[in-house]
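In the UniProt record's numbering, the protein residues as written are 1 to 495.
Structural data, given as structure tokens:
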């Protein structure tokens, strides 16, 4: 691309995505952009139920942030923190894999070749990377009646507190959503319906005329058209997400309906799952077989997600006019329930990969819960903190809950691993590194405390992507060798 994309595609930010962004240092900027404060609508309703904040979740409610703004925040973070720049105007033409490298042909005014240890294709639904790997991309392209004309436009005359919708899918439907910042006159639009002639809405004037037809309102002052295009439902999934030294993420690996707001969020989760594994292999700390777990863990999650978003698509475009149920988003779409139980590096049984983390238990493969109300007693950094302030995307965190028993055997066992890649923390009860003030850590990690017959020692290993790699508890009723459990997990990670 010759310039960064404009427009609000991929605007739904599910609350699970800010968790890794918070650990990377991006979320404070994202939070700034997503906290806004006929003329009367026939009906108003919440598109996503607003939930009260909970100590277990760093962020619990869905936010709306246009993809162009979101990408800009991430680019700026890369530049400010790491001196990295996203290069424009370069196109991948082809590549060749070898046992120790990938040689890519890249066009940027002139064609050049460059050698890399690995190649990751985030090159969208028409991915050159996926096609050259020879991966299948099975699925379906739905009918035009489920398509939309989408884009962004300047306008005045509407207050900016609502996402508005006029008409119905039986005939024509027109929606307008304001940008994130109050006072910004840009809106993103979607136009569809069974009676819409897509070929006749190809210009700013056609778009405005369609708006007048659907709404009957001519009191809206339209400005410049930013961009406009046609979207048709395309629901497809690659058979695997990598081969050898080449991988695909995001739309290159899966495309689907925007209903449910899962696409961009799933793409972010792809990259976090792959990135920490790729970093360890690149630095020579882990075997290349660790990269096989990227497809193993992510493909079942995406397959389950496609089923949920396709069901919402059918509800959205079903005959009979507006159906509020089509806009109802279950709690699982917030992505807290995504789990990698059953992965080769967690050794758990088969489960529903999109809901397992909501079954009331906590096991290897689940999302690591937040735990506020901690107080650091380290002489280096003392004071109030939370678990998510301690977890990092660059290391495994080994959490030792010190109820009874001796933590030193585990600490000694951790000393053999590469420096900086394994970080131990000890969480003490309130009555006694990090101490507990309000009990959230013990509650959220299902640790038995004083007064319980099952009181003992608990160890939890949190991976760099925020998922639990290992959790074990030892008590009088169930003696477990926690040192062996920790060592067994890391044998599957490190060389």
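Ideal placement from N, C-alpha and C gives every residue a C-beta, glycine not left out.
- Collapsing the DSSP output to three states places residue 79 in a helix.
- Residue 198 sits in a helix when the DSSP states are folded into three classes.
- The three-state reading of DSSP puts residue 316 in helix, counting H, G and I together.
- Look at the beta carbons and you see the stretch 230–238 not touching the stretch 277–286: under three pairs across the two are nearer than 8 Å.
- Assignment of beta-bridge partners to residue 472 by DSSP yields 459.
- Taking all protein chains shown into account, residue 126 has fewer than 16 neighbouring C-beta atoms within 10 Å of its C-beta and is therefore exposed.
- Here residue 56 carries a coil assignment [DSSP, helix/strand/coil].
- Counted as a single uninterrupted DSSP element, the beta strand (DSSP E) harbouring residue 166 occupies residues 164–167.
- Beta-bridge annotation (DSSP): residue 221 is paired with 156.
- Contact annotation: the stretch 134–141 does not touch the stretch 200–219, with fewer than three C-beta pairs closer than 8 Å.
- Pairing residue 401 with residue 442 gives a Cβ-Cβ distance under 8 Å.
- Under the three-state reduction of DSSP, residue 234 is assigned to strand.
- Check the Cα spacing between residue 167 and each of 426, 142, 212 and 345: the tightest is with 212.
- In this structure the stretch 154–172 does not lie against the stretch 265–273, because fewer than three pairs of beta carbons, one per stretch, are closer than 8 Å.
- The beta carbons of residue 248 and residue 129 sit about 5 Å from each other, so the pair counts as a contact at 8 Å.
- Residue environment analysis places residue 343 among the buried positions, since at least 16 neighbouring C-beta atoms fall within 10 angstroms of its C-beta.
- When DSSP reads this structure, residue 96 sits in a beta bridge with 103.
- The alpha-carbon separation between residue 222 and residue 196 amounts to approximately 21 Å.
- Relative to residue 446, the option among 399, 287 and 379 whose CA is nearest is 399.
- Closest option to residue 101, judged by alpha-carbon separation, among 473, 88, 115 and 179: 115.
- If the five residues before and after residue 198 are omitted, its C-beta is found closer than 7 Å to the C-beta atoms of 144, 147, 149 and 230, all from its own chain and listed in chain order.
- Under the DSSP assignment, residue 441 falls in the alpha helix (DSSP H) whose first and last residues are 440–444.
- Just so you know, the alpha carbons of residue 141 and residue 235 end up roughly 6 Å apart.
- Just measuring C-alpha positions, the residue of 410, 206, 439 and 275 sitting nearest residue 428 is 439.
- Scanning its chain for C-beta atoms nearer than 6 Å, with the 5 sequence neighbours on each side dropped, one finds no residue around residue 70.
- Annotation for residue 115: the continuous beta strand (DSSP E) segment containing it runs 110–116.
- Straight-line measurement puts the Cα of residue 177 at about 10 Å from the Cα of residue 64.
- The criterion of a C-beta distance shorter than 8 Å is satisfied by residue 225 and residue 204.
- For residue 482, the enclosing alpha helix (DSSP H) covers residues 482–491.
- Contact between residue 346 and residue 364 holds: their C-beta atoms lie close to 4 Å from each other, under 8 Å.
- Around the beta carbon of residue 273, 16 or more other beta carbons lie within 10 angstroms, which makes this residue buried.
- One thing to note: residue 395 has its Cβ no nearer than 8 Å to the Cβ of residue 426.
- Taking a C-beta distance under 8 Å as the contact criterion, residue 109 and residue 245 do not qualify as a contact pair.
- In this structure, 301 is the residue among 301, 371, 372 and 316 with its C-alpha nearest to the C-alpha of residue 337.
- Boundaries of the beta strand (DSSP E) around residue 397: 396–402.
- When the Cα atoms are used, residue 411 and residue 383 turn out to be separated by approximately 23 Å.
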